[in-house]
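Q: Line by line, the protein sequences give chains A and B. Residue numbers for the first sequence follow our numbering, beginning at 26 and rising by one. Residue numbers for the second sequence follow our numbering, beginning at 26 and rising by one. The C-beta atom is built at its ideal place from N, Cα and C for all residues, glycine as well. Everything numeric in this text was worked out from a predicted model, so none of it was measured. The structure that follows is given in the form of structure tokens.
Protein chains: 2
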Amino acid sequence: MTVLAVQPGETPADEEPPDTGERHRLTALAGFAALSLDAMASVAYGPEAIVLVLAAAGAHGLGFTLPVTLAIAALLAVLVASYRQVIAAFPDGGGSYAVAKTHLGARTSLVAAGSLVLDYVLNVAVAVTAGVAALTSAFPSLYGERVWLCLAVLTLVTAVNLRGIAESARVFIVPTVVFIGSIFVLIVIGLFRDAPVNRVNSESVVTGNVTSVGVLLLLKAFASGCSALTGVEAIANAVPSFRAPRVKRAQRAEVALGAVLGVMLIGLSVLISRFHLQPVQGVTVLAQLADASLGHNWAFYVIQFATMILLALSANTSFGGLPVLLKLLARDNYLPHVFALKADRQVHRHGVLALAAVSAALLVFSGGDTNTLVPLFAIGVFVGFTVAQVGMVRHWRGERGTGWRGKALLNGFGAVLTGVAAVVVTASKFDDGAWLIVITLPLLVLAFETVHRAYAHIGERLGLGRIPEPPHRDRSVVIVPVSSLSRLTSEALTAAASLGDEVRAVTVCYPDPEDRANLHALERAWAQWDPGVPLVQLACERRSLGRPIAAYVRDVSATEPDTRVTVLIAEVEPVRLWQRLLQNQRGAVVAHAVRRDTDAVICRLRFRLF
Amino acid sequence: MTVLAVQPGETPADEEPPDTGERHRLTALAGFAALSLDAMASVAYGPEAIVLVLAAAGAHGLGFTLPVTLAIAALLAVLVASYRQVIAAFPDGGGSYAVAKTHLGARTSLVAAGSLVLDYVLNVAVAVTAGVAALTSAFPSLYGERVWLCLAVLTLVTAVNLRGIAESARVFIVPTVVFIGSIFVLIVIGLFRDAPVNRVNSESVVTGNVTSVGVLLLLKAFASGCSALTGVEAIANAVPSFRAPRVKRAQRAEVALGAVLGVMLIGLSVLISRFHLQPVQGVTVLAQLADASLGHNWAFYVIQFATMILLALSANTSFGGLPVLLKLLARDNYLPHVFALKADRQVHRHGVLALAAVSAALLVFSGGDTNTLVPLFAIGVFVGFTVAQVGMVRHWRGERGTGWRGKALLNGFGAVLTGVAAVVVTASKFDDGAWLIVITLPLLVLAFETVHRAYAHIGERLGLGRIPEPPHRDRSVVIVPVSSLSRLTSEALTAAASLGDEVRAVTVCYPDPEDRANLHALERAWAQWDPGVPLVQLACERRSLGRPIAAYVRDVSATEPDTRVTVLIAEVEPVRLWQRLLQNQRGAVVAHAVRRDTDAVICRLRFRLF
């Protein structure tokens with residue numbers, strides 16, 4: 026799933042040169058290989074999701090694997106045709122959020138955006154669990170440790186993203202090609218066999234308590250299997266990454282993606298039926314197929330490794346894609362602008378860590394089980410599909426070009442299918458976690474709208490878009506809080522003298538004898554030093570440092586009009602980090618009080634000590 | 026345990042008027058009542074600690090309760106005599122830390138200080154668990170919830186201290202007098218009875234597997250029982266709180282404390298022997314005594330409540346005492362100066378919360394059981410006693426006044442007894458938690474010394490104690506980072522013009538087309554506005570905001586000598602807290618980079634939006 030793919034050249038890390046020139050852009054073939062990663066990865070869990078639902082009706086139910094897969098392939102064809110149209114209509118990319126923003130209004134586009142955010146998060150969890158399932162299918166002794174393995178893979182992906190690697194779409198080509206090649210070999214060889222080479226000697230998880238196959242079961246199998254369709258929209262989102270003529274090349278890549286994915290899904294499902302495979306605890310359906318078709322030899326391990334690497338890369342794309350989406354939302358004032366800040370790695374890191382934390386929670390919540398997460402994942406994806414296609418119907422109705430009715434019908438049909446799938450998955454998995462999505466999605470939309478209103482209010486107050494009044498110059502008084510005499514004091518007064526028309530040092534004095542003694546010592550030293558700056562004493566009965574200074578600042582502001590009051594706080598900054606604990610925090614206390622109680626500008630001078 | 030008692034008038038809260046005048050100071054009687062709280066409170070757990078050890082040798086062992094108590098009373102006499110001498114020698118108070126600093130060198134004084142810190146922390150935990158034990162003895166149905174009750178009491182004490190109540194030593198007088206009175210009534214009535222009125226119908230926790238009473242068992246019982254002596258030193262630490270003649274009055278109060286405590290301990294132990302009491306799960310020995318002596322009536326409940334309140338107040342004294350000790354250590358440069366900051370409640374709150382958190386951890390660790398914590402508590406107390414008395418031996422040897430040999434002998438004898446007690450408790454309880462103290466104490470001393478060395482280094486660099494060079498005035502250039510045009514920009518330039526001889530607005534520009542368009546819009550608006558300030562464009566290939574600005578600042582500092590460069594960062598500050606999330610953090614990013622890479626003064630102007 027890469028609803029908003031990382032565009033080649035546009036990297037999540039902050040310090041890469043921007044995309045320049047046509048040379049780096051993608052041909053149809055390269056684009057297909059680079060952008061189909063997520064769609065291909067879903068082959069690893071899509072067929073399994075179907076088999077798992079049908080297994081509830083025993084062997085009879087499993088017989089419906091192929092028909093259900095054919096229905097999904099039909100939906101795939103509709104979606105691919107639909108997204109060909111999206112590519113033509115939205116050559117700047119942007120996916121369902123862009124379509125909905127143009128044709129369905131702000132709120133619907135926010136629903137699409139919210140579902141995309143959820144998908145990015147769930148994609149990480151699903152891809153990691155499925156990747157680990159591929160690994161534990163090859164090495165069953167690791168099955169008990171799967172949650173830890175998932176967290177380890179997540180940590181690895183997170184670490185790589187924290188480092189901010191310069192990732193290029195081309196990196197994805199090799200594993201994608203290896204994976205597709207392996208699956209095709211698997212399918213072809215399997216078709217020539219009458220019986221499986223190997224059969225997994227584990228207990229089947231078929232419960233078999235349902236023997237009649239109802240419509241609802243088939244619908245559920247269909248809806249679960251639709252998770253195999255995630256990633257179909259990736260190419261439509263990345264049209265600007267293609268070489269000119271962009272639309273043509275992107276459309277060709279989209280069709281190629283649909284064809285390859287469809288063949289793989291149907292091929293695998295034929296083999297599942299032929300070898301009478303059943304869901305087995307601890308061994309994925311794909312691993313069983315590899316075993317059955319190729320035998321338990323090096324080829325089996327190649328497929329498992331290729332699957333695992335592809336899935337890890339698929340998880341990685343979320344880390345690239347989510348920031349791009351959040352940036353779009355922030356630019357439209359639906360998220361704090363910090364997400365649109367195109368600079369300085371720190372912000373990016375927070376995003377990576379937040380995504381990793383939520384994904385880790387999902388991994389633990391699911392116990393490392395892909396099949397718990399897939400339905401949740403599917404809900405968001407289908408909501409996005411549905412919104413995009415309803416938007417396209419509006420698009421065609423508005424445009425009324427040649428054959429618009431046919432195009433609108435196609436998109437409308439797709440919308441109905443994916444909408445039904447969304448409802449079926451949500452209803453059937455409500456108790457198993459789908460409630461989480463049902464609660465979270467509206468909350469996200471609400472948050473987006475609240476942020477948007479707040480920005481509108483702030484922009485109004487700031488007079489954004491109007492020329493502000495011209496700046497002027499005020500008399501400047503710089504107030505320097507002082508408590509003892511040292512090189513720091515000298516530095517502070519030099520800085521203050523350079524900034525202000527007038528400088529006043531202030532010190533807070535308390536009535537207690539020890540403090541009074543300190544004050545007298547300071548007064549004597551001050552007189553001896555004679556810096557040409559008055560030392561104002563602020564008597565304070567209560568033991569407070571910040572308040573008397575803030576009160577003095579307020580007082581100066583009130584009694585001396587047209588005066589700009591600045592408080593200059595000088596602090597020692599030791600070079601070693603731990604030594605910063607030794608700072609007395611007077612500066613922080615004063616800054617806090619002045620900031621809270623006054624409008625004065627606060628200057629902080631840090632005096633570096635080696 | 027109040028090794029450094031809260032002196033009446035000197036309060037932990039930061040905003041109280043300081044102590045003034047003799048009128049508020051204590052007479053001998055008031056001082057005794059006010060400062061004996063902790064010592065009296067230890068009656069609630071001291072005798073129990075003896076009985077619990079001796080119970081290992083069955084009824085035969087319990088027969089040694091009185092002899093062991095008499096030995097402890099003898100030690101009490103030695104300690105009281107010793108502290109009378111400390112009062113005379115150190116009329117300014119300060120306790121074992123002060124004695125050790127004067128006579129035993131810095132490191133030993135730090136050992137004393139470290140053990141005091143541990144004692145303050147453990148005192149909270151011990152007093153709370155013992156207080157709750159008094160409560161659950163009265164209401165046995167609450168026994169299962171004791172950990173939660175302990176945490177509730179701790180929360181209450183913490184909340185009261187966070188509010189920063191103006192506590193006065195006089196507040197302590199009433200509960201102390203009620204408690205002492207009740208215990209005396211209990212003892213006197215008990216002495217007139219031949220058999221207990223009531224006997225608790227619970228199972229004895231006597232294991233009875235040891236039947237011979239060895240020297241080691243007696244030593245252990247002695248060492249455990251010595252926990253009853255905690256608090257004896259409180260008066261010696263608070264001599265300045267007494268009315269003149271201070272030393273005489275304080276000495277009289279100390280002797281009174283010793284006498285009352287000794288009579289209580291011996292009286293209770295006579296009753297324990299007479300009634301053949303045994304340690305019982307869930308009912309404290311003191312509660313059993315009340316039951317036996319007074320019967321299970323209102324008098325019993327009065328004693329339990331008085332005990333509980335006294336213990337809660339005893340826990341409360343740590344919250345007052347620890348900050349005073351930390352302040353002393355911070356003044357001597359052994360702790361970060363923030364602990365000596367006599368102002369602004371925030372700092373005090375951190376201390377209260379830290380103490381509460383560590384105490385809560387100890388409560389949970391001990392499972393709310395006083396007898397797990399008492400030995401740990403005793404170690405620190407005895408280390409303090411021993412250090413103080415060894416210091417006093419040195420004191421007399423140095424002074425060589427009349428009868429110095431006798432005085433030195435007395436203190437030396439006390440030092441040996443308490444030193445042996447410390448070793449016995451540590452060895453016998455090593456596996457049960459004493460290892461924690463053995464590890465923590467040296468670490469504390471190490472931390473104190475490390476901080477001290479760092480301050481010496483910083484003071485040297487700062488030229489503390491020398492008159493610094495006079496301040497001068499430099500040309501001032503104020504740099505204002507700008508990204509768009511609004512009322513905020515106008516405010517920023519006004520502030521900058523007031524502060525600087527020259528103002529330059531800077532904006533970072535990136536090569537990407539969208540950014541370039543934004544830049545052109547800004548340039549046009551700037552030209553139209555014409556603020557009289559140049560807009561410097563900092564081209565940056567990489568997506569970084571802070572670095573180009575920091576590089577420009579460095580560049581200006583390097584090429585324009587005798588110029589003080591100031592970076593003025595203007596930020597919007599919405600009034601609602603949550604809206605602060607909407608800030609784009611550009612200011613923080615720029616401030617971070619400038620602070621890291623340059624020595625420029627950073628000014629932050631916050632533009633309040635309503």
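What three-state label does DSSP hand Leu-314(B) in the structure shown?
A: If DSSP states are grouped into helix, strand and coil, Leu-314(B) belongs with the helices.
Q: Go through its chain and collect everything with a Cβ distance to Val-619(B)'s Cβ below 8 angstroms, but skip five positions before and after it.
A: For Val-619(B), where only same-chain residues beyond five positions count, the Cβ hits under 8 angstroms are Gly-571, Ile-574, Ala-575, Val-578, Val-592, Ala-625, Ile-627.
Q: Give me the DSSP bridge partner(s) of Gln-562(B).
A: The partner list for Gln-562(B) (beta bridge, DSSP) reads Thr-532(B).
Q: For Phe-300(B), count the other beta carbons within 10 Å of its own beta carbon; 16 or more makes it buried, fewer makes it exposed. Which is it?
A: Label assigned to Phe-300(B): buried.
Q: Is it buried or exposed, Gln-306(B), if we count other Cβ atoms within 10 angstroms and call 16 or more buried?
A: Exposed, because fewer than 16 other Cβ atoms sit within 10 Å of the Cβ of Gln-306(B).
Q: At a CB distance below 9 angstroms, what residues from the segment 331–347 of chain B approach chain A? Give them in sequence order.
A: For the segment 331–347 of chain B, which is checked against every Cβ of chain A, not one residue is closer than 9 angstroms.
Q: I want to see whether chain B comes within less than 7 angstroms of Gly-376(A), judged by CB atoms only; does it?
A: Chain B, which has no Cβ nearer than 7 angstroms to the Cβ of Gly-376(A), makes this no.
Q: Return the CA-CA distance between Ala-403(B) and Leu-243(B), expressed in angstroms with no decimal places.
A: Rounded to the nearest angstrom, the two C-alpha atoms are 16 angstroms apart.
Q: Give the single residue among Val-210(A), Gly-206(A), Arg-274(A), Ala-69(A) whose Cα lies nearest to the Cα of Val-153(A).
A: The option with the nearest alpha carbon to Val-153(A) is Ala-69(A).
Q: In angstroms, rounded to a whole number, what distance separates the CA positions of Pro-467(B) and Leu-181(A)?
A: One C-alpha to the other measures close to 39 angstroms.
Q: Between the alpha carbons of Tyr-656(A) and Val-149(A), how many angstroms are there, rounded?
A: Given that chain A is displayed from residue 26 to residue 635, the structure contains no residue 656(A) and the question cannot be resolved.
Q: Should Ala-159(A) be flagged as near chain B, meaning a C-beta pair shorter than 7 angstroms?
A: Taking Cβ atoms only, chain B never reaches closer than 7 angstroms to Ala-159(A), which makes this a no.
Q: Write down every uninterrupted run of the beta strand (DSSP E) in the segment 112–169 of chain B whose length is 3 residues or greater and which is fully enclosed by it, in chain order.
A: The segment 112–169 of chain B contains no whole beta strand (DSSP E) run of 3 or more residues.
Q: Determine the chain B residues that contact Asp-499(A) at a beta-carbon separation under 9 angstroms, and present them in chain order.
A: What Asp-499(A) touches in chain B: Thr-519, Ala-520, Ala-522, Ser-523.
Q: What residues match up with Cys-251(A) in a beta bridge as DSSP calls it?
A: According to DSSP, which records beta bridges pairwise, Cys-251(A) is partnered with nothing at all.
Q: Cα-Cα, which of Val-503(B), Ala-365(B), Glu-258(B) is closest to Gly-525(A)?
A: That would be Val-503(B), whose Cα lies nearest to the Cα of Gly-525(A).
Q: Could you pull the start and end residues of the beta strand (DSSP E) that Ser-207(B) belongs to?
A: First-last for Ser-207(B): 198–216, but that is the alpha helix (DSSP H), not the beta strand (DSSP E).
Q: Taking any Cβ of chain A, which residues in the segment 605–619 of chain B have a Cβ under 8 angstroms from it, in chain order?
A: If the cut-off is 8 angstroms between Cβ atoms, the segment 605–619 of chain B has Leu-606, Leu-607, Gln-608, Asn-609, Gln-610, Arg-611, Val-614, His-617, Ala-618 near chain A.
Q: Using 7 angstroms as the threshold, is the C-beta distance between Leu-442(A) and Gly-156(A) below it?
A: No, they are not a contact pair.
Q: Step through the CB atoms of chain A and report whether any lies within less than 7 angstroms of the CB of Cys-628(B).
A: It does: the Cβ of Cys-628(B) has a partner Cβ on chain A nearer than 7 angstroms.
Q: Name the chain B residues whose beta carbon is nearer than 9 angstroms to that of His-362(A)?
A: Those are Leu-607, Gln-608, Asn-609, Gln-610, Arg-611, listed as they occur along chain B.
Q: Tell me the rounded alpha-carbon separation between Leu-91(A) and Val-213(A).
A: Taking the straight line from one Cα to the other gives about 17 angstroms.
Q: Run through DSSP, which three-state label would Phe-267(B) get?
A: Reduced to three states, the DSSP call for Phe-267(B) is strand.
Q: Is Gly-83(B) close to chain A? Criterion is C-beta to C-beta, closer than 7 angstroms.
A: Answer no: the Cβ-Cβ gap between Gly-83(B) and chain A never drops below 7 angstroms.
Q: Is Asp-394(B) near the ligand NAD, in the sense that its beta carbon is under 6 angstroms from a heavy atom of that ligand?
A: Within the structure as shown, the ligand NAD is missing, as the structure has no ligands at all.
Q: Taking a Cβ distance cut-off of 9 angstroms, strictly less, list which residues of the segment 484–508 of chain A are near chain B, in chain order.
A: Residues Gly-484, Arg-486, Leu-487, Gly-488, Leu-489, Gly-490, Arg-491, Ile-492, Pro-493, Glu-494, Pro-495, Pro-496, His-497, Arg-498, Asp-499, Arg-500, Ser-501, Val-503.
Q: Determine the chain B residues that contact Thr-532(A) at a beta-carbon separation under 8 angstroms, and present them in chain order.
A: In chain order: nothing, as chain B lies at least about 12 angstroms away.
Q: Spell out whether any CB of chain A is found under 7 angstroms from the CB atom of Ala-552(B).
A: No, Ala-552(B) lies away from the interface with chain A (no Cβ there is under 7 angstroms from its Cβ).
Q: How many angstroms separate the CA atom of Ser-511(B) from the CA atom of Ala-583(B)?
A: Taking the straight line from one Cα to the other gives about 32 angstroms.
Q: Which of the three DSSP states, helix, strand or coil, is assigned to Ala-625(B)?
A: Note: Ala-625(B) maps to coil in three-state DSSP.
Q: Val-240(B): buried (16+ other C-beta within 10 angstroms of its C-beta) or exposed?
A: Exposed.
Q: Tell me the DSSP bridge mates of Phe-632(A)?
A: DSSP output for Phe-632(A) lists Val-597(A) as bridge partner(s).
Q: Whole-angstrom Cβ separation of Val-450(B) and Phe-410(B), contact assumed at under 8 angstroms?
A: Incorrect: roughly 12 angstroms between the Cβ atoms, too far for contact.
Q: With a cut-off of 7 angstroms, does the C-beta of Ser-515(A) fall near any C-beta of chain B?
A: Closer than 7 angstroms: yes.
Q: Are there 16 or more other CB atoms within 10 angstroms of the CB of Asp-587(B), so buried, or fewer, so exposed?
A: It counts as exposed.
Q: Only counting the same chain, and skipping five residues up and downstream in sequence, which positions put a Cβ closer than 8 angstroms to that of Ala-58(B)?
A: Closer than 8 angstroms at Cβ, skipping near neighbours: Phe-197, Ile-198, Thr-201, Val-202.
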